[in-house]
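Q: Residue numbers (the numbering used here): 4 to 221. C-beta: ideal position from N, C-alpha, C; glycine also. Before we start, here is the structure in question, set down as structure tokens.
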């Protein structure tokens, strides 16, 4: 799961400015197409992970509810035994109740971890879907820009970046290039904000995983 989240984080943090410049230098959108394929593959993996963790979460909730019900039943039985003066039965029931309560506490901790992981996976999926939408939109704009540049007989040798196109001396090309640059700046700022949130969530999950491993070694 951690490996998947790291891949997703890398894709979310992908530098769109660099992708655009790379596509312009190569006079090809292959870099965009490769990115889209990688995102779609990881989105599929994320959806599987969300379904798996979500299923496990439902199972934990059901087991925790069963334990709570069992604890309540034992607690009532203890009161009945005490009222009837059957202390030996009350002691036995109290011992069972203690065991059930300890198990319920363990399930509560597992639920907290599972819910955090479930939310993290869902958040990651939403962020990656948003990045994919942005990249697909910019790919279409860039395709139109390359077609326009070719129609204006600008050669690949003169096109190395958006800056080159904005300074090409053609108003139509400059306007399209400036529009792409503005959207890239906005998308980059949004990506930095989202990846910062994802970083903190990943750190929390990794820290919990390390603590659990340390406890398991005791």
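1. Below 8 Å on the Cβ atoms is my guess for residue 32 versus residue 122; work out the distance and round it to an integer in Å.
2. Rounded C-beta distance between residue 131 and residue 49? I'm assuming under 8 Å.
3. In terms of residue numbering, what span does the alpha helix (DSSP H) encompassing residue 66 cover?
4. In angstroms with no decimal places, state the Cα-to-Cα distance between residue 13 and residue 119.
5. Spatial neighbours of residue 98 within its chain, please: CB distance less than 7 Å, with the 5 preceding and 5 following residues excluded, ordered by chain position.
6. Please report how far the alpha carbon of residue 26 lies from the alpha carbon of residue 47, in whole angstroms.
7. Let's see if you can read the secondary structure: which residues bound the alpha helix (DSSP H) around residue 237?
8. Decide if residue 149 is buried, meaning its Cβ has at least 16 other Cβ atoms within 10 Å, or exposed.
9. Beta-carbon separation of residue 138 and residue 39 under 8 Å?
10. Starting from the N-terminal side, write out each stretch of the alpha helix (DSSP H) that is 4 residues or longer and does not extend beyond the segment 92 to 152.
A: Looking at the coordinates:
1. Wrong, their Cβ atoms sit about 35 Å apart, outside the cutoff.
2. 7 Å
3. 33 to 86
4. 21 Å
5. none
6. 26 Å
7. Not covered by the structure: residue 237. The range shown for the chain is 4 to 221.
8. buried
9. yes
10. none
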